[in-house]
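Everything on this sheet refers to the single structure shown next.
Numbering (the working numbering), first residue to last: 1 to 316.
Okay, here's the thing in structure tokens:
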């Protein structure tokens with residue numbers, strides 16, 4: 001008997017360890033899938049074995065799927081080409097990524113004004129194509145004196161939004177400049193990719209844009225509008241864009257506990273973690289926050305091939 005104050009830990013189930021009845025119930029419990037890309041379909045530049053076949057098997061089973069990524073470093077042409085090589089249908093209109101969500105948010109609030117942006121060229125191009133004016137930088141090393149610093153951080157430019165995403169060239173100079181722009185009462189703070197850490201290599205994570213954004217949010221006392229997983233604003237946008245009525249009939253698939261599982265939980269979706277990317281079994285089992293503990297897990301998307309074969313055998 002549990003002691004007073006103890007809580008029962010949420011238990012994740014491996015999809016291949018479900019019995020035939022449980023597998024059928026699980027398969028019948030969702031109609032639509034939202035899936036991450038990196039760590040699920042591919043890892044860095046290598047395709048994850050049988051992941052594409054897993055998605056195809058689910059499509060053959062009548063499941064609709066769309067992709068939601070925090071990675072805006074790749075171009076849409078690159079994504080389309082990669083999915084084509086894998087034989088996975090790519091629907092650009094249903095592909096969700098930070099720059100696209102940020103532009104939709106700016107449009108929804110009828111934003112007018114100049115933007116200070118810390119992001120990749122791809123992200124900047126999305127803003128430019130949407131008709132938004134922005135500035136960035138400076139991308140330079142300055143002389144280490146306060147007078148030289150002042151020459152680069154103070155500006156009369158009418159910035160009314162500061163936007164952060166993945167930016168390999170971000171510097172303390174940029175963060176300081178962003179903080180000063182946010183002194184204006186009408187200047188808003190927007191975060192695209194909201195990862196605290198980014199899986200970079202096996203066993204190696206690097207600091208993600210959320211860590212930098214939090215510094216600016218704390219120092220400026222501005223509300224952080226988050227349009228990457230697991231942001232609340234992105235969740236609201238996704239539910240509206242896809243007309244989700246029955247949240248529990250959606251399955252969120254990803255390789256990260258906070259960004260993917262946490263996002264799915266926040267949306268009210270079922271969640272499945274794959275161990276082919278940024279989270280291993282030990283890390284999953286060590287998680288204590290129920291919001292970040294998946295309902296189900298699999299070694300990779302390839303497990304769905306065996307999962308569906310098992311169901312067919314059970315029906316014979």
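Just so it is clear, CB atoms sit at the ideal spot from N, CA and C, and this is done for glycine as well.
- A direct Cα-Cα distance of roughly 6 Å separates residue 200 from residue 206.
- Proximity to residue 197 across 166, 223, 91 and 51 peaks at 166, based on C-alpha coordinates.
- Taking a contact to require three or more Cβ pairs closer than 8 Å, the stretch 99–114 and the stretch 212–232 qualify as touching.
- The residue from 218, 208, 203 and 194 with its alpha-carbon nearest to that of residue 180 is 218.
- The DSSP-derived three-state label of residue 130 is coil.
- Linking residue 144 to residue 277 through their CA atoms gives a straight-line distance of about 41 Å.
- Residue 249 is positioned such that its CB atom lies closer than 7 Å to that of residue 30.
- Taken in chain order, the unbroken stretches of alpha helix (DSSP H) that lie wholly in the stretch 44–112 and span 4 residues or more are 51–60, 76–86 and 98–108.
- DSSP places residue 184 in the coil class of the three-state scheme, outside both helix and strand.
- Looking at the DSSP output, residue 153 bridges to nothing.
- For residue 128 and residue 134, the gap between their C-alpha atoms comes out near 8 Å.
- If only complete runs of 3 or more residues are kept, the stretch 251–310 shows the beta strand (DSSP E) at 270–274 and 296–298, in order along the chain.
- For residue 200, the three-state secondary structure derived from DSSP is strand.
- With 16 or more other Cβ atoms inside 10 Å of its own Cβ, residue 132 counts as buried.
- Boundaries of the beta strand (DSSP E) around residue 224: 224–226.
- Residue 161 has 115 and 188 as its beta-bridge partners, per DSSP.
- Contact between residue 274 and residue 301 is confirmed by a C-beta separation of about 6 Å, below the 8 Å threshold.
- Residue 215 and residue 172 have their C-alpha atoms spaced approximately 11 Å apart.
- Rounded to the nearest angstrom, the gap between the Cα atoms of residue 267 and residue 12 is 18 Å.
- Contact between the stretch 178–193 and the stretch 67–80 is present, with at least three C-beta pairs closer than 8 Å.
- Residue 113 is a Cβ neighbour of residue 160, given a cutoff of 7 Å.
- For residue 212, the enclosing alpha helix (DSSP H) begins and ends at 209–220.
- Take the alpha-carbon of residue 63 and the one of residue 150: they are about 56 Å apart.
- Residue 120 counts as buried, since at least 16 other C-beta atoms from the protein chains shown sit within 10 angstroms of its C-beta.
- For the set 291, 240 and 169, the Cα lying nearest the Cα of residue 209 is the one of 169.
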